[in-house]
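Enquirer: First, the structure itself, so that you have it in front of you.
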Amino acid sequence: MKDKRTGFIHRLFSYVVGKQSDTQPSASKLRILSRDQHTVSSRHISDNALKVLCRLNSHGYQAYLVGGCIRDLMLDLHPKDFDIATDATPEKIRSLFRNSRIIGRRFKLIHVVFGREVIEVATFRASHHAENDEHDSSVSHHSKKGRILRDNVYGTIEDDAFRRDFTINSLYYTISDSSIHDFCGGVQDMEDQLIRLIGDPVIRYREDPVRMLRAIRFAAKLNFQLADDTAAPISQLAHLLKDIPSARLFDESLKLFLSGGAENTYYLLRDYQLFDSLFPATHASLKDAPDRQQIIVNALRNTDLRIEADKPVTPAFFYAAMLWPALICLCERYEKDGVPPASALQQAATEVIAQQCKQTAIPRRFTIPLREIWEMQSRLERRQPRRIDELLSRPVFRAAYDFLLLREQSGEQASGAGQWWTDYQESSQDDEHQVLMEQLHSRSAPSDKRKRRRRRPRKRPGTTV
Ligand code: ATP
Ligand code: MG
4 MKDKRTGFIH
14 RLFSYVVGKQ
24 SDTQPSASKL
34 RILSRDQHTV
44 SSRHISDNAL
54 KVLCRLNSHG
64 YQAYLVGGCI
74 RDLMLDLHPK
84 DFDIATDATP
94 EKIRSLFRNS
104 RIIGRRFKLI
114 HVVFGREVIE
124 VATFRASHHA
134 ENDEHDSSVS
144 HHSKKGRILR
154 DNVYGTIEDD
164 AFRRDFTINS
174 LYYTISDSSI
184 HDFCGGVQDM
194 EDQLIRLIGD
204 PVIRYREDPV
214 RMLRAIRFAA
224 KLNFQLADDT
234 AAPISQLAHL
244 LKDIPSARLF
254 DESLKLFLSG
264 GAENTYYLLR
274 DYQLFDSLFP
284 ATHASLKDAP
294 DRQQIIVNAL
304 RNTDLRIEAD
314 KPVTPAFFYA
324 AMLWPALICL
334 CERYEKDGVP
344 PASALQQAAT
354 EVIAQQCKQT
364 AIPRRFTIPL
374 REIWEMQSRL
384 ERRQPRRIDE
394 LLSRPVFRAA
404 YDFLLLREQS
414 GEQASGAGQW
424 WTDYQESSQD
434 DEHQVLMEQL
444 HSRSAPSDKR
454 KRRRRRPRKR
464 PGTTV
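Terminal number for the sequence shown in this note's numbering: 468, no gaps in between.
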């Protein structure tokens with residue numbers, strides 16, 4: 004895939020005469036790639052996005068496709084979504100499209116809705132600095148640490164280009180002549196396979212610390228390198244992520260790990276000391292027992308394979324694996340203090356999930372199955388014959404069984420339970436089931452036997468002792 008992309012980029016650049024320097028992009032260097040100098044074609048652009056562009060243009064407004072869609076199309080990848088930037092105000096855009104709504108608190112944006120597809124349309128915005136806030140706090144507002152809290156200053160296309168995060172995310176495509184407009188040196192950085200933050204990296208990370216995570220995400224997804232000055236301040240500023248709302252960080256965690264390149268993302272987050280801010284308890288538990296990261300690495304590898312094969316991935320399963328080392332660590336501590344194993348697991352699960360939600364607010368619809376996956380583990384290992392069919396019928400069974408296999412694959416001992424469950428599900432004949440059940444009855448399970456108590460006969464009403 005990478006070779007194909009590299010070849011493509013070199014073909015693209017063989018058209019383009021002259022190279023820009025490697026230094027920070029400067030405001031004056033607009034570079035325009037005409038239709039024959041790039042291979043982004045309207046054939047690969049969503050029809051709905053084209054409709055929105057056409058309508059804006061026909062009412063006299065500028066309108067460009069920008070961001071990830073152009074970046075991905077230039078790299079021969081499938082864009083996740085199509086974003087448009089325009090000089091029309093949100094109210095104007097809203098009035099042009101009946102199927103639209105204004106959204107956004109930090110930024111006012113328009114969503115034009117076509118069934119399941121949403122085209123995001125944003126008015127060109129200017130970046131502005133913290134020192135300007137005192138002049139007009141109604142349009143922009145920064146926190147004491149320089150973080151942008153509100154940002155609705157409109158501007159020109161050039162302003163808009165410079166307030167974006169990375170140079171490769173700041174390329175503008177117009178359908179009027181199919182050209183690409185590059186204000187920040189993004190075309191050069193595409194050729195050099197570099198993720199470069201626009202402007203002063205320290206200021207830009209302070210404005211929005213999530214940009215540090217985005218830098219890692221794009222580096223991992225595209226297999227690009229971080230430019231030196233983009234990489235340099237990250238470790239020192241990583242702590243700023245602690246101030247980001249946990250709901251936003253939850254969304255970001257899914258984008259980081261559930262859209263391809265997850266294993267690579269994990270290593271980069273650890274290298275740049277960002278992992279600790281996202282998963283503090285896991286990070287701490289791996290310090291004591293580094294071998295425990297194997298389950299994370301294997302889970303992320305499997306996730307990447309599933310995404311490549313277009314199979315679904317679930318946040319509950321991902322979080323179950325990511326927090327497992329922290330859960331085990333806490334369970335062991337409780338057990339050492341004399342808490343019985345079942346209660347230790349319950350208490351540790353509650354605590355680990357609550358702690359994690361302070362960092363990344365995992366919604367309840369995911370914490371419930373995540374907990375169930377954990378709680379099912381000992382039951383799947385124990386395989387009480389009477390409960391086999393009931394366990395199999397649970398909605399979470401599949402995920403819990405996959406998790407059991409993942410644990411075994413990662414070196415944990417589960418007394419061969421994974422293989423047993425595989426055999427049981429694969430055997431279709433009654434007699435095969437019989438053999439597997441006999442195996443269970445015949446295996447030495449002293450803990451099971453100990454628990455089996457003879458029931459006292461029920462007292463009949465009216466009888467006396
Ligand atoms: P993808 O959708 O593939 O994850 P993307 O680059 O399109 O990647 P989006 O989150 O959809 O990412 O954002 C669209 C564009 O908005 C980006 O390409 C970038 O130009 C701009 N953008 C997004 N987040 C930020 C940010 N935190 N700071 C500055 N610009 C941003
Ligand atoms: Mg996008």
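Beta carbons: idealized from backbone N, C-alpha and C, even for Gly.
State the Cα-Cα distance for the pair G2 and L373, rounded to the nearest angstrom.
Expert: Given a span of 4 to 468 for the chain in the structure shown, any question on residue 2 remains unanswerable.
Enquirer: From R119 to S45, what distance separates their C-alpha atoms?
Expert: The count along the sequence shown starts at 1 and reaches residue 119 at position 116. The count along the sequence shown starts at 1 and reaches residue 45 at position 42. Taking the straight line from one Cα to the other gives about 20 Å.
Enquirer: For S103, which of helix, strand or coil comes out of DSSP?
Expert: The residue you call residue 103 lines up with position 100 of the sequence shown. In the structure shown, S103 sits in a strand (DSSP, three-state: E or B).
Enquirer: Out of L197, D75, L216, which one is the CA nearest neighbour of L243?
Expert: On the sequence shown, residue 243 is found 240 positions in, with the first residue counted as 1. The shortest C-alpha to C-alpha distance from L243 to any of L197, D75, L216 is the one to L216.
Enquirer: Of the choices A223, F320, A235, D291, whose alpha-carbon is the least far from that of Y208?
Expert: In the sequence shown, counting from the first residue as 1, residue 208 sits at position 205. Closest by alpha carbon: A235.
Enquirer: Beta carbon of C187, beta carbon of I201: below 7 Å?
Expert: In the sequence shown, counting from the first residue as 1, residue 187 sits at position 184. In the sequence shown, counting from the first residue as 1, residue 201 sits at position 198. In this structure, the beta-carbon distance from C187 to I201 falls below 7 Å.
Enquirer: Under the three-state reduction of DSSP, which class applies to M379: helix, strand or coil?
Expert: For the purposes of this step, residue 379 is taken as the residue at position 376 of the sequence shown. The answer is helix: DSSP assigns M379 an H, G or I state.
Enquirer: Excluding the five sequence neighbours on either side, which residues of its own chain have a C-beta within less than 7 Å of the C-beta of A351, listed in chain order?
Expert: As a working mapping, residue 351 is identified with position 348 in the sequence shown. So the list reads L330, L333, C334, Y337, once near-sequence residues are dropped.
Enquirer: State yes or no: is the C-beta of D75 nearer than 6 Å to some heavy atom of ligand 2?
Expert: As a first step, residue 75 is located in the sequence shown; it is residue number 72 there, counting from the start. The answer is no for D75.
Enquirer: Between A2 and E384, which are expected to be in contact by the criterion C-beta below 8 Å, what is the C-beta distance as a whole number of angstroms?
Expert: Beyond the ends of the chain as shown, which are 4 and 468, falls residue 2; an answer cannot be given.
Enquirer: Which residue marks the beginning of the beta strand (DSSP E) containing V121, and which one marks its end?
Expert: The residue you call residue 121 lines up with position 118 of the sequence shown. Residues 120-126.
Enquirer: Since H114 sits in a beta bridge, which residues does DSSP pair it with?
Expert: Translated into the one-based positions of the sequence shown, residue 114 becomes position 111. R104, E123, per the DSSP bridge assignment.
Enquirer: Closer than 6 Å between the C-beta and any heavy atom of ligand 2: which residues qualify, listed along the chain?
Expert: G70, G71, K83, D84, D86
Enquirer: Taking T126 as the reference, give the member of T92, A222, F117 with the closest Cα.
Expert: Numbered from its first residue, the sequence shown carries residue 126 at position 123. That would be T92, whose Cα lies nearest to the Cα of T126.
Enquirer: Between I183 and H41, how many whole angstroms is the CB-CB distance? I'm expecting something under 8 Å.
Expert: As a position in the sequence shown, residue 183 is number 180, starting the count at 1. As a position in the sequence shown, residue 41 is number 38, starting the count at 1. Right, the Cβ-Cβ distance comes to about 5 Å (below 8 Å), so this counts as a contact.
Enquirer: Three-state secondary structure (DSSP) at H242?
Expert: Translated into positions along the sequence shown, residue 242 becomes position 239. Correct three-state label for H242: helix.
Enquirer: Sorted by chain position, which residues of the same chain lie with C-beta nearer than 6 Å to Y175's C-beta, five sequence neighbours on each side aside?
Expert: Here the question's residue 175 lines up with position 172 in the sequence shown. Here the set comprises Y67, V69, H184.
Enquirer: Which stretch, first to last residue, makes up the beta strand (DSSP E) that contains L36?
Expert: Here the question's residue 36 lines up with position 33 in the sequence shown. Run containing L36: 34-36, per the beta strand (DSSP E) assignment.
Enquirer: Assuming I87 is part of the alpha helix (DSSP H), what are its boundary residues?
Expert: To locate residue 87, count along the sequence shown from 1; it is residue 84. Careful: I87 lies outside any alpha helix (DSSP H), inside the beta strand (DSSP E) at 86-89.
Enquirer: Would you decide whether E94 is buried or exposed? Buried here means 16 or more other CB atoms lie within 10 Å of its CB.
Expert: Translated into positions along the sequence shown, residue 94 becomes position 91. That one is exposed.
Enquirer: Have a look at F221 and F227 and give me their C-alpha separation to the nearest angstrom.
Expert: Residue mapping note: residue 221 aligns to position 218 of the sequence shown, counting from 1. Residue mapping note: residue 227 aligns to position 224 of the sequence shown, counting from 1. Taking the straight line from one Cα to the other gives about 7 Å.
Enquirer: In terms of alpha-carbon separation, which member of I356, I113, D75 lies closest to P328?
Expert: Mapped onto the sequence shown, residue 328 falls at position 325. Closest by alpha carbon: I356.
Enquirer: Please confirm whether M103 and I87 have their CB atoms less than 7 Å apart.
Expert: For the purposes of this step, residue 103 is identified with residue 100 of the sequence shown, where counting begins at 1. For the purposes of this step, residue 87 is identified with residue 84 of the sequence shown, where counting begins at 1. The sequence as given places Ser at residue 103; Met does not occur at that position. Going by beta carbons, S103 and I87 fall outside the 7 Å limit.
Enquirer: Go ahead and pull the three-state DSSP assignment for H184.
Expert: Locating residue 184 in the sequence shown gives position 181, counting from the first residue. DSSP places H184 in strand when its eight states are reduced to three.
Enquirer: What is the DSSP secondary structure of Y64, counted as helix, strand or coil?
Expert: On the sequence shown, residue 64 is found 61 positions in, with the first residue counted as 1. Note: Y64 maps to coil in three-state DSSP.
Enquirer: Between which two residues does the beta strand (DSSP E) harbouring L174 extend?
Expert: Here residue 174 refers to the residue found at position 171 when the sequence shown is read from its first residue. Residues 174-176.
Enquirer: Tell me whether Q196 sits in a helix, a strand or coil according to DSSP, three-state version.
Expert: As a first step, residue 196 is located in the sequence shown; it is residue number 193 there, counting from the start. Note: Q196 maps to coil in three-state DSSP.
Enquirer: Is it a yes or a no for the region 401-412 touching the region 282-290, going by three-plus beta-carbon pairs under 8 Å?
Expert: no
Enquirer: Given that a residue counts as buried once 16 or more other Cβ atoms are within 10 Å of its Cβ, and exposed if not, what is C57?
Expert: Start at 1 with the first residue of the sequence shown, and residue 57 comes out as number 54. Exposed, because fewer than 16 other Cβ atoms sit within 10 Å of the Cβ of C57.
Enquirer: Determine the extent of the alpha helix (DSSP H) in which A420 is found, giving its start and end residues.
Expert: Within the sequence shown, the letter at position 417 stands for residue 420. A420 -> alpha helix (DSSP H) spans 420-429.
Enquirer: Buried or exposed: D75, going by 16 or more other Cβ atoms within 10 Å of its Cβ?
Expert: On the sequence shown, position 72 is the one that residue 75 refers to. Answer is buried; the Cβ neighbour count reaches 16.
Enquirer: Buried or exposed, going by whether 16 or more other CB atoms sit within 10 Å of the CB of A230?
Expert: For this step, residue 230 is matched to residue 227 along the sequence shown. The residue is buried, with at least 16 neighbouring Cβ atoms inside 10 Å.
Enquirer: Verify the contact flag: N267, CB atom, against every heavy atom of ligand 1, threshold strictly below 6 Å.
Expert: Within the sequence shown, residue 267 is the residue found at index 264, counting from 1. Incorrect: N267 has no Cβ contact closer than 6 Å to ligand 1.
Enquirer: Looking at the secondary structure, which residues open and close the alpha helix (DSSP H) in which L409 lies?
Expert: As a first step, residue 409 is located in the sequence shown; it is residue number 406 there, counting from the start. Run containing L409: 400-412, per the alpha helix (DSSP H) assignment.
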